[in-house]
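Student:
There are 2 protein chains.
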Amino acid sequence: MSIKVTILGCHSATPRVNSHTTSQFLEINNHHFLVDCGEGTQVQLRKYKVRFSKIEHIFISHLHGDHFFGLIGFISTLGLLNREKALHIYGPKGIKEIITLQLKLSKSWTNFPLHFHELKEKTSQVIFEDEKVKVSTIPLKHRVYTNGFLFQEKEGQRKLDMFLISQHPEIDICDYQNLKNGKDFVKENGEIILNKELTKDPNAPLSYAFCSDTMYNPDIVPLIKNVDLLYHESTFLKDKEHLCETTMHSTAEQAAKIALQANAKQLILGHYSSRYDDLNLFLKEAKTIFENTHLAHAGRVFELQNKKPVLTLNS
Amino acid sequence: MSIKVTILGCHSATPRVNSHTTSQFLEINNHHFLVDCGEGTQVQLRKYKVRFSKIEHIFISHLHGDHFFGLIGFISTLGLLNREKALHIYGPKGIKEIITLQLKLSKSWTNFPLHFHELKEKTSQVIFEDEKVKVSTIPLKHRVYTNGFLFQEKEGQRKLDMFLISQHPEIDICDYQNLKNGKDFVKENGEIILNKELTKDPNAPLSYAFCSDTMYNPDIVPLIKNVDLLYHESTFLKDKEHLCETTMHSTAEQAAKIALQANAKQLILGHYSSRYDDLNLFLKEAKTIFENTHLAHAGRVFELQNKKPVLTLNS
Numbered sequence: 005m006s007i008k009v010t011i012l013g014c015h016s017a018t019p020r021v022n023s024h025t026t027s028q029f030l031e032i033n034n035h036h037f038l039v040d041c042g043e044g045t046q047v048q049l050r051k052y053k054v055r056f057s058k059i060e061h062i063f064i065s066h067l068h069g070d071h072f073f074g075l076i077g078f079i080s081t082l083g084l085l086n087r088e089k090a091l092h093i094y095g096p097k098g099i100k101e102i103i104t105l106q107l108k109l110s111k112s113w114t115n116f117p118l119h120f121h122e123l124k125e126k127t128s129q130v131i132f133e134d135e136k137v138k139v140s141t142i143p144l145k146h147r148v149y150t151n152g153f154l155f156q157e158k159e160g161q162r163k164l165d166m167f168l169i170s171q172h173p174e175i176d177i178c179d180y181q182n183l184k185n186g187k188d189f190v191k192e193n194g195e196i197i198l199n200k201e202l203t204k205d206p207n208a209p210l211s212y213a214f215c216s217d218t219m220y221n222p223d224i225v226p227l228i229k230n231v232d233l234l235y236h237e238s239t240f241l242k243d244k245e246h247l248c249e250t251t252m253h254s255t256a257e258q259a260a261k262i263a264l265q266a267n268a269k270q271l272i273l274g275h276y277s278s279r280y281d282d283l284n285l286f287l288k289e290a291k292t293i294f295e296n297t298h299l300a301h302a303g304r305v306f307e308l309q310n311k312k313p314v315l316t317l318n319s
Numbered sequence: 005m006s007i008k009v010t011i012l013g014c015h016s017a018t019p020r021v022n023s024h025t026t027s028q029f030l031e032i033n034n035h036h037f038l039v040d041c042g043e044g045t046q047v048q049l050r051k052y053k054v055r056f057s058k059i060e061h062i063f064i065s066h067l068h069g070d071h072f073f074g075l076i077g078f079i080s081t082l083g084l085l086n087r088e089k090a091l092h093i094y095g096p097k098g099i100k101e102i103i104t105l106q107l108k109l110s111k112s113w114t115n116f117p118l119h120f121h122e123l124k125e126k127t128s129q130v131i132f133e134d135e136k137v138k139v140s141t142i143p144l145k146h147r148v149y150t151n152g153f154l155f156q157e158k159e160g161q162r163k164l165d166m167f168l169i170s171q172h173p174e175i176d177i178c179d180y181q182n183l184k185n186g187k188d189f190v191k192e193n194g195e196i197i198l199n200k201e202l203t204k205d206p207n208a209p210l211s212y213a214f215c216s217d218t219m220y221n222p223d224i225v226p227l228i229k230n231v232d233l234l235y236h237e238s239t240f241l242k243d244k245e246h247l248c249e250t251t252m253h254s255t256a257e258q259a260a261k262i263a264l265q266a267n268a269k270q271l272i273l274g275h276y277s278s279r280y281d282d283l284n285l286f287l288k289e290a291k292t293i294f295e296n297t298h299l300a301h302a303g304r305v306f307e308l309q310n311k312k313p314v315l316t317l318n319s
C-alpha cells in the first residue's frame, strides 16, 4: 500500500518557461491516475519519465484552462502512439463536448475507447471504485463548477502470521486465501481457531486529497478528515487575502487551517500566483498554523509507504 | 521593408521536452503575425522574448493538433493580461466553435474583441490586405482542409532623391508627399519635371510563403513564384517517401523541388518526423536539388532586409 504524487506543474493561470500549470501523476495501490492536465502536461510527463500507457484514468477538477488545456493534446498523442487500452476521463459537464469536437474537426478520432464520466453533482459522490481504490469528489467553491478528489486505498487482505500457522499442521496452503479473507479455521473435529489467532491486521489504507481551486471552505473538512496527504491550493499569501473573495482562491494560511481542522498528516501547497518570486514565504506562512507543510514544485515527488508512514521527498 | 521569421517550433506530431510543434512569429513591414500555434506556443513566445501584445493576427493552417492546440491557451492568457486590442484569427471553418466553446464553458470570455475569419475555399483567396501587406491562402493537399499562407509586402512609396530635388529651388517640402506618391512636379510656368527625375524606385517588396502541411503539390508553384523566402514542410527523408502518400506529407527532396520550380530565393525546412535524430540529413537531401536551403529550429531567426537582400540567421 503506497501513495506517490509526482508534481508535473503547480503554478496558477498560465504556463511560463520555468513554471507549469496544474497537473499531478498519482500512483496509489497499483493504480496510475493523472489529476488535472494544464497545457504542456504531456511534455512534463516525458520530462519526469512517466510512461503514458500506464495512465487509465484522468480526473479534471474544473474547466479553467490552467487545469485542462493539455488534455486534448495528451489524448491526441495517445492516439498517435497507437494506444488500444481504454481511457476514462472524469470532469465537469462539457468536457466531452470540448474533446470530441476537436477530435472530430481534426479527423483524428482515437482508436482506443474514450469514456467520459461527466460530473455535475454538488455533493460528494463516489466516481470510481474497485477492490483497491475508491475515488470521491470533494465539492469546492470556485468561480466555475469545481471538484477536488479524495483518493482512498481500500483495506487490504489480512496478513498471514506464519509462525502461528506453523503451530497447526492441519492448516494447508489451500486454506491460506480463506485466512487472508478473514475467515476462521475449522478443524475436522469442529474446533474453531479464530482468524485473529492466525493472521495480523492488514496495513492501514492510505488516502490523498487533491483540493484545487477553492476559496477557504471548512465545509470540506468532514470529507477529508484524517487524510494522510492533503494538497490544497494556496494562490496567495495573507497580504493579498482581499483578492480571495473575488478570485475564489485561498491563502497559504487558509490552506493550513483546513489541514489542521481536517487533522491531515501532511499538507502540500501549490497553485502559486506568478506575482510571488519567493515561494518559501508560502511555506513560512502555512507552518505558523500547520507544521507538516511542504511546497509543490515541478518534478517533486511525495511518497507515503505504509510500512514507513513518513513522507519521503525526492528534492 | 523587411521580413523576420522567428521559429517557435518546427517538429511534427507531438511536443516533447526539446522539440516543439509548429509555430512561427512573422514580422513583415511593421506587421506582427503568429503563424500556426501548437501546444506550448505561449511558452515559446516568452522564451524568445516576443511581446504578446504585438500580435494582432493569427493564421492557422489546419486543425491538426500540432498546429493549433496552443491557440486556446494563448487567447486565454491574453485575456488574463487584460488585453484590449482586437485579435483576428484566420483558420479553417470550425475554429470559432472550438475556441468559443472553451471560453464559454470556462466562463472566461475575453474582454477584447475576437474576430474569426473562417476559411473554406479551395482556391487561393486574399484574406488580409492593407496599405503595407497582403496575405493570401495557398491551398495545400493534406488529410484535412489545409492552407499555406503567402505574405507579401506592398510596394512602398518612391524615395526622394534629395540631390536632384535640390537642383530645383521651386520644389517645396510640401511637395514631397506628392513626389513620394509618384506624381510629376508642375512648375508655375507649366513646365513638367517627371517624377523619375526627382525620385528613386522604392525598395522591392519582399514575400514569404508558409507551406505546412502538404504532400508534394506542384499546383502551388504559380502561387509562390519568385517568393523571397519559402518555408515548406519536410516530414520525411527520401527513404520514407512511401509514407508520404498515406500521411500526405513531403520529403526534403520534394520541398526542394517546389522551391526550385517556384524560383524561390531561399528555402526553410521543418515539420520533421521524430523518427530522425540527425536533421542535417534533411539539409543534405534538399541541397542536392536546391542550394539555398536552411533548417528551421526553435529560436532560429531568418531575416531578410531590403537594403541587404541576403538572408541573415541568428544561429
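Protein chains in written order, with my numbering: chain A, 5 to 319; chain B, 5 to 319. Each residue gets a CB set at the ideal place from its N, CA and C atoms; glycine is no exception. Treat the numbers as computed from the prediction; the structure is a model and nothing was measured.
Please go through the same chain and pick out, in chain order, the residues whose beta-carbon is closer than 6 angstroms to the beta-carbon of F72(A), but skip the five residues on each side of it.
Tutor: C41 and I64
Student: Applying a beta-carbon distance threshold of less than 8 angstroms, which residues of chain A neighbour P19(B)?
Tutor: G44, Q46, V47 and G77
Student: Under the DSSP definition of a beta bridge, which residues are partnered with R20(A)?
Tutor: S23(A)
Student: Shorter than 8 angstroms from the beta carbon of T26(A) to some beta carbon of chain B?
Tutor: no
Student: For L144(B) and chain A, any beta-carbon pair shorter than 8 angstroms?
Tutor: No, because no Cβ of chain A sits closer than 8 angstroms to the Cβ of L144(B).
Student: Can you find at least 3 beta carbon pairs, one from the stretch 201-212 of chain B and one from the stretch 151-164 of chain B, that sit closer than 8 angstroms?
Tutor: yes
Student: If you compare alpha carbons, which of S238(A), G98(A), I228(A) and Q106(A) is closest to E122(A)?
Tutor: With distances taken between Cα atoms, E122(A) lies closest to G98(A).
Student: Would you say S38(A) and I59(A) are within 8 angstroms of each other, going by their C-beta atoms?
Tutor: Note that residue 38(A) is Leu in the sequence shown, not Ser. For L38(A) and I59(A), yes; Cβs fall inside 8 angstroms.
Student: Which class does T239(A) belong to by DSSP, given the choice of helix, strand or coil?
Tutor: coil
Student: Distance, Cα to Cα, S170(A) vs T45(A)?
Tutor: 52 angstroms
Student: Within 8 angstroms (strictly less), CB to CB, does G303(A) reach chain B?
Tutor: no
Student: Using only CA atoms, which one of R279(A), A260(A), S57(A) and K136(A) lies nearest to E88(A)?
Tutor: If we check each option's Cα against that of E88(A), S57(A) comes out closest.
Student: Beta-carbon within less than 6 angstroms of I197(A)'s beta-carbon, same chain only, minus the 5 sequence neighbours each way: which residues are those?
Tutor: F189
Student: Scan the stretch 95-109 of chain A for residues whose Cβ lies nearer than 7 angstroms to a Cβ of chain B and list them as they occur along the chain.
Tutor: G98, E101, I102, L105, Q106 and L109
Student: Can you name the residues that DSSP bridges to H298(A)?
Tutor: I272(A)
Student: Could you name the residues that DSSP lists as bridge partners for C248(A)?
Tutor: Answer by DSSP bridge pairing: none, since C248(A) is not bridged.
Student: Give me the Cα-Cα distance between S277(B) and H24(B), rounded to the nearest whole angstrom.
Tutor: 12 angstroms
Student: Quick check: K111(B) and V148(A), are their CB atoms within less than 8 angstroms of each other?
Tutor: yes
Student: With 16 as the cutoff for other CB atoms within 10 Å, does C178(A) come out buried or exposed?
Tutor: exposed
Student: At a CB distance below 7 angstroms, what residues from the stretch 132-143 of chain B approach chain A? Give them in sequence order.
Tutor: none
Student: Between V225(B) and chain A, is the shortest Cβ-Cβ distance under 8 angstroms, so that the two count as touching?
Tutor: no
Student: What residues of chain A sit near L91(B), judged by a beta carbon separation below 7 angstroms?
Tutor: Under the 7 angstroms cutoff, chain A gives no residues; its nearest Cβ is about 16 angstroms from L91(B).
Student: Leaving out five residues before and five after K145(A) in sequence, what residues of the same chain have Cβ atoms less than 7 angstroms from its Cβ?
Tutor: T218, M219, N221 and M252
Student: Write down every uninterrupted run of the beta strand (DSSP E) in the stretch 123-191 of chain B whose length is 3 residues or greater and which is fully enclosed by it, in chain order.
Tutor: 130-133, 137-144 and 150-157
Student: Tell me the DSSP secondary structure of A213(A) in three-state form.
Tutor: strand
Student: What residue range does the alpha helix (DSSP H) around E201(B) cover?
Tutor: From DSSP, E201(B) is part of no alpha helix (DSSP H); its letter is neither H nor E.
Student: Starting from G74(A), find everything on chain B with Cβ-Cβ shorter than 8 angstroms and list it in chain order.
Tutor: E43
Student: Using only CA atoms, which one of D243(B), H61(B) and P19(B) lies nearest to N34(B)?
Tutor: H61(B)
Student: The beta strand (DSSP E) spanning H71(A) covers which residue range?
Tutor: Element bounds for H71(A): not the beta strand (DSSP E) but the alpha helix (DSSP H), G69 to F72.
Student: If we ignore side chains and look at the alpha-carbon of each, how far apart do K291(B) and T297(B) end up?
Tutor: Cα-Cα distance, rounded: 6 angstroms.
Student: Is the CB-CB distance between I142(A) and T114(A) below 8 angstroms?
Tutor: No, they are not a contact pair.
Student: Identify every residue that forms a DSSP beta bridge with T104(A).
Tutor: None, per the DSSP bridge assignment.
Student: Which residues in chain A have a C-beta closer than 9 angstroms to the C-beta of T3(B)? List them in chain order.
Tutor: Any question about residue 3(B) goes unanswered here, given that chain B covers just 5 to 319.
Student: How close, in whole Å, do the beta carbons of V54(A) and F29(A) come, if the pair is a contact with beta carbons under 8 angstroms?
Tutor: 5 angstroms
Student: Measuring alpha carbon to alpha carbon, tell me which of A17(B), L285(B), H66(B) and Y52(B) ends up nearest R304(B).
Tutor: Y52(B)
Student: Report the neighbours of Q124(A) on chain B: residues whose CB is nearer than 9 angstroms to its CB, in chain order.
Tutor: It is Lys, not Gln, that sits at residue 124(A) in the sequence shown. Result: empty, since nearest Cβ-Cβ is about 12 angstroms, beyond 9 angstroms.
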